[in-house]
Amino acid sequence: EANQLMQRGRGRSKGAISWGPAEAYGRFSTPKDLHKKYSYIRKTRPDGNCFYRAFGFSHLEALLDDSKELQRFKAVSAKSKEDLVSQGFTEFTIEDFHNTFMDLIEQVEKQTSVADLLASFNDQSTSDYLVVYLRLLTSGYLQRESKFFEHFIEGGRTVKDFCQQEVEPMCKESDHIHIIALAQALSVSIQVEYMDRGEGGTTNPHIFPEGSEPKVYLLYRPGHYDILYK
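With full-length UniProt numbering, the residue at position 41 of the sequence shown is 41, and numbering never jumps.
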């Protein structure tokens with residue numbers, strides 16, 4: 001499974017969180033407290049695109065069991081290309097990426113198996129096209145709400161500069177600002193468990209946006225996101 005973008009893991013039985021080899025977590029403490037809150041982890045390739053890939057798979061997998069949210073998400077996603085074009089993104093440039101995104105949503109709508117959805121995410125071109133489109137959605141939202149986000153951009157850059165340098169390019173890592181923007185753009189709340197660097201073996205949860213009911217759960221250790229399951 002070394003070349004896979006998403007790993008299958010070991011199933012969802014109680015206590016079956018697949019932490020992988022200890023060295024994979026380096027100097028960071030094993031988050032023992034997660035066993036009390038989560039039953040399973042699905043690891044993603046640490047290539048700088050892991051936030052978008054983890055978000056995409058986690059939410060689409062959940063939509064297999066939530067037809068109401070699926071229809072809402074499909075409608076928002078379908079309209080999103082039009083919104084980006086109205087902001088100045090070139091339709092010809094983004095169309096293929098949007099089509100791939102919608103194809104994945106329609107695959108879920110047809111009640112695909114988790115194994116088949118995973119196979120789609122492990123197809124390099126499909127997975128990369130999804131990541132590109134989620135990056136574009138993140139960029140679009142940041143630029144639409146630039147007056148708010150400009151206060152969080154360092155180095156004297158404009159929001160547009162930040163998006164062109166830190167959001168739209170592949171393999172650029174994601175931080176709070178990216179998570180907030182994507183969560184808001186698609187109205188999908190995300191809870192991130194930030195791994196403690198200390199000896200306590202704890203994590204610090206943050207919900208984006210604050211006060212919302214999470215639909216996606218991710219584990220973060222510096223530079224990397226994995227998917228968590230309740």
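In this text, a Cβ means the ideal position worked out from N, Cα and C, and glycines have one as well.
request  = List the whole-angstrom C-beta distance separating Phe97 from Tyr133, where the pair is believed to meet the contact cut-off of C-beta under 8 angstroms.
outcome  = 4 angstroms
ask   = Shortest alpha-carbon distance to Thr95 belongs to which of Glu109, Ile105, Gln107 and Ala78?
value = The amino acid at residue 95 is misidentified as Thr; the sequence shows Glu. Checked all of Glu109, Ile105, Gln107 and Ala78; the closest Cα to Glu95 is Ala78.
key: Per DSSP, the bridge partner or partners of Tyr217   = Gln191
task = From the DSSP output, in three-state form, read off Leu228 for me.
result = strand
task = Report the option in Leu137, Phe101 and Thr138 whose CA atom is closest to the CA atom of Ser120.
result = It is Phe101 whose Cα lies nearest to the Cα of Ser120.
query = What is the DSSP secondary structure of Arg27, counted as helix, strand or coil?
reply = Confidence is the limiting factor: at Arg27 the pLDDT is only 43, short of 50, which leaves the residue's position unreliable, though a coordinate-based value still follows. Coil, per DSSP.
inquiry  = Below 8 angstroms on the Cβ atoms is my contact criterion, and I expect Ile227 with Phe208 to pass it. Report the Cβ-Cβ distance as a whole number of Å.
reply    = Between Phe208 and Ile227 the Cβ distance is about 15 angstroms, and since that is not below 8 angstroms, they are no contact.
ask   = So what's Ile207 in DSSP terms, helix, strand or just coil?
value = strand
task = Could you tell me whether the segment 127–146 touches the segment 181–188, using the rule of 3 or more Cβ pairs below 8 angstroms?
result = yes
query = Would Tyr217 pass as a contact of Val131 if the rule is Cβ separation under 7 angstroms?
reply = no
query = Given Tyr225, which residues of its chain have a CB within under 6 angstroms of its CB, disregarding the five upstream and five downstream residues?
reply = In chain order, Cys50, Phe51, Ala54 and Leu218 place their CB closer than 6 angstroms to the CB of Tyr225, counting only its own chain and leaving out the 5 sequence neighbours on each side.
ask   = For Gly223, does the three-state DSSP call read helix, strand or coil?
value = coil
key: Sheet register partners of Tyr133 (DSSP bridge)   = Note: Tyr133 sits in no beta bridge, so no partner.
message = Can you look up Pro21 in the DSSP assignment and give me helix, strand or coil?
response = Below a pLDDT of 50, predicted positions are generally treated as unreliable, and Pro21, at 36, falls in that range; no measurement from the model is reported.
task = For my contact list, Val108 and Leu63 are in at a C-beta cut-off of 8 angstroms; report their separation, rounded to the angstrom.
result = So it is a contact: roughly 5 angstroms between Cβ atoms.
request  = Go to residue 232, then tell me how far its alpha helix (DSSP H) extends in each direction, as first and last residue.
outcome  = Coverage of the chain is limited to positions 1 through 230, which leaves residue 232 absent and any answer about it impossible.
task = Identify every run of the alpha helix (DSSP H) within the segment 81–133, keeping only runs that are complete inside it and at least 4 residues long; order them along the chain.
result = 91–109 and 114–121
query = Using the C-alpha atoms, what's the distance from Asp65 back to Arg221?
reply = One alpha carbon belongs to Arg221, the other to Asp65, and they sit about 29 angstroms apart.
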